[in-house]
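Undergrad: Residue 343 is where the sequence shown starts when you use the numbering used here, and the numbers rise one by one after that.
We treat Cβ as the ideally placed atom computed from N, Cα and C, and that holds for glycine.
The structure that follows is given in the form of structure tokens.
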Amino acid sequence: MPSTDHTERLQAPHDEPSSGSGPAANQPMSIPEIQASYAEYADWLHRFELVDRAVTGRYRRDRFGDVSGRVLDVACGTGTNFRYLPETVDLVGIDISPEMLANAEEQLAALERDGTLQRMDAQELAFPDDSFDAVISALSTCTFPDPVAALQEMERVCKPEGTIRLVEHGRSDVGPLARYQEWRAEAHYAKMGCRWTQEPTAVVADAGLSVRDTTSGLFGTITTFEIDPR
Ligand SMILES: C[S@@+](CC[C@H](N)C(=O)[O-])C[C@H]1O[C@@H](n2cnc3c(N)ncnc32)[C@H](O)[C@@H]1O
343 MPSTDHTERL QAPHDEPSSG SGPAANQPMS IPEIQASYAE YADWLHRFEL
393 VDRAVTGRYR RDRFGDVSGR VLDVACGTGT NFRYLPETVD LVGIDISPEM
443 LANAEEQLAA LERDGTLQRM DAQELAFPDD SFDAVISALS TCTFPDPVAA
493 LQEMERVCKP EGTIRLVEHG RSDVGPLARY QEWRAEAHYA KMGCRWTQEP
543 TAVVADAGLS VRDTTSGLFG TITTFEIDPR
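Okay, here's the thing in structure tokens:
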């Protein structure tokens with residue numbers, strides 16, 4: 343059965359984003375603000391999941407479908423990734439939002455899967471070095487106050503022979519779509535705490551991670567990564 347340990351391990355907000363531009367790049371939401379935003383949208387996001395899966399499912403399946411061993415899903419949200427993981431993995435999910443974790447727990451139960459869920463800040467993971475065979479995360483760096491710190495934490499807790507897999511979203515490479523995103527960027531950030539004009543490739547580079555493979559899709563709005571930890 344799924345187990346949930348809502349470990350209280352909330353950190354002071356990181357006030358110096360290490361990378362990125364555009365909405366709130368110099369004044370990211372604090373952790374309590376992010377929690378308030380996702381408390382409001384958690385149930386809605388859970389209901390919206392069918393649409394999300396129709397759009398992002400193939401990217402999640404392609405990037406996460408072959409991981410094995412002990413797997414950490416960072417900022418697991420409502421657990422959208424869980425169904426794309428092999429049933430044999432030993433799954434641990436963390437997120438900062440109790441409301442998102444409550445939906446993730448329902449997701450585990452609905453999928454009849456085991457897993458452990460913990461409330462934790464991705465920027466300071468409460469796991470020893472080299473704890474996981476695979477670290478996965480989807481649509482998350484856009485919301486972390488300090489995405490570089492979070493990515494470096496993912497590398498720290500992943501075994502050197504393990505793998506880090508990301509499915510991220512960002513600015514389109516199609517002009518009109520990118521311009522629409524720019525136009526709506528501040529409003530979208532204020533509503534969801536999401537920097538949807540971020541450049542995921544630049545964020546991963548800022549974190550100094552070693553990319554083995556990357557793909558792009560959906561008019562450049564989705565970028566996926568396979569990263570070799572060091
Ligand atoms: C857009 S949702 C993505 C959720 C899920 N990964 C998915 O693909 O559907 C972003 C998630 O990041 C979480 N989050 C934001 N900042 C966080 C932090 N510092 N530590 C852990 N989780 C965080 C939010 O609570 C939210 O669940």
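#1: Pair every Cβ in the segment 541-548 with every Cβ in the segment 383-398, then say whether three or more of these pairs are closer than 8 Å.
#2: When every heavy atom of ligand 1 is checked, does at least one fall within less than 7 Å of the C-beta of Tyr380?
#3: Are the beta-carbon atoms belonging to Ser479 and Ala417 less than 8 Å from one another?
#4: Does the segment 399-414 come into contact with the segment 498-512, if we say contact requires no fewer than three beta-carbon pairs (one atom in each stretch) closer than 8 Å?
#5: Please check the pair Val477 and Val499, which I expect to be a contact at CB under 8 Å, by giving their CB distance rounded to whole angstroms.
#6: Tell me where the beta strand (DSSP E) around Leu459 begins and ends.
#7: What's the C-alpha gap between Thr557 and Gly512?
#8: Ends of the beta strand (DSSP E) at Val509?
#9: Going by the DSSP bridge assignment, what does Ser434 pair with across the sheet?
#10: I'd like to confirm something about Ile376: is its beta-carbon nearer than 7 Å to some heavy atom of ligand 1, or not?
#11: Rounded to a whole number of angstroms, what is the C-alpha to C-alpha distance between Ala446 and Ile569?
#12: What's the gap between the Cα of Ala396 and the Cα of Ala491?
#13: Going straight from the alpha carbon of Gln494 to that of Gln377, what length do you get?
#14: Do Asn423 and Asp432 have their CB atoms nearer than 8 Å?
#15: Between which two residues does the alpha helix (DSSP H) carrying Phe406 extend?
#16: Pull up the CB-CB distance for Met442 and Gly419, whole angstroms please, since I reckon it's below 8 Å.
TA: Walking through what the data contain:
#1: no
#2: Along the sequence shown, one-based indexing puts residue 380 at 38. Yes, Cβ of Tyr380 sits closer than 7 Å to a heavy atom of ligand 1.
#3: As a position in the sequence shown, residue 479 is number 137, starting the count at 1. As a position in the sequence shown, residue 417 is number 75, starting the count at 1. Going by beta carbons, Ser479 and Ala417 fall inside the 8 Å limit.
#4: yes
#5: As a position in the sequence shown, residue 477 is number 135, starting the count at 1. As a position in the sequence shown, residue 499 is number 157, starting the count at 1. Right, the Cβ-Cβ distance comes to about 6 Å (below 8 Å), so this counts as a contact.
#6: One-based indexing of the sequence shown puts residue 459 at position 117. Taken as a continuous stretch (DSSP letters only), the beta strand (DSSP E) holding Leu459 covers 458-461.
#7: Counting from 1 along the sequence shown, the entry for residue 557 is found at position 215. Counting from 1 along the sequence shown, the entry for residue 512 is found at position 170. Approximately 13 Å, taken between the alpha carbons.
#8: Residue 509 sits at position 167 when you count from the first residue of the sequence shown. That run of the beta strand (DSSP E) goes 500-511.
#9: Numbered from 1 along the sequence shown, position 92 holds the residue referred to as residue 434. First, the amino acid is wrong: residue 434 is Val here, not Ser. DSSP lists Leu414, Thr458 as partners of Val434.
#10: For the purposes of this step, residue 376 is identified with residue 34 of the sequence shown, where counting begins at 1. Yes; taking the cut-off as 7 Å, the Cβ of Ile376 has a heavy atom of ligand 1 nearer than that.
#11: Position 104 of the sequence shown, counted from the first residue, corresponds to residue 446. Position 227 of the sequence shown, counted from the first residue, corresponds to residue 569. Distance between the alpha carbons of Ala446 and Ile569 is about 25 Å.
#12: Taking the first residue of the sequence shown as 1, we reach residue 396 at position 54. Taking the first residue of the sequence shown as 1, we reach residue 491 at position 149. The alpha-carbon atoms of Ala396 and Ala491 are separated by roughly 30 Å.
#13: What you label residue 494 is simply residue 152 of the sequence shown in a count that begins at 1. What you label residue 377 is simply residue 35 of the sequence shown in a count that begins at 1. Spanning the two alpha carbons is a distance of roughly 22 Å.
#14: Translated into positions along the sequence shown, residue 423 becomes position 81. Translated into positions along the sequence shown, residue 432 becomes position 90. At least 8 Å separates the beta-carbon of Asn423 from that of Asp432.
#15: The residue given as residue 406 occupies position 64 in the sequence shown. Phe406 -> alpha helix (DSSP H) spans 391-406.
#16: Start at 1 with the first residue of the sequence shown, and residue 442 comes out as number 100. Start at 1 with the first residue of the sequence shown, and residue 419 comes out as number 77. The Cβ separation is near 5 Å, so the contact holds.
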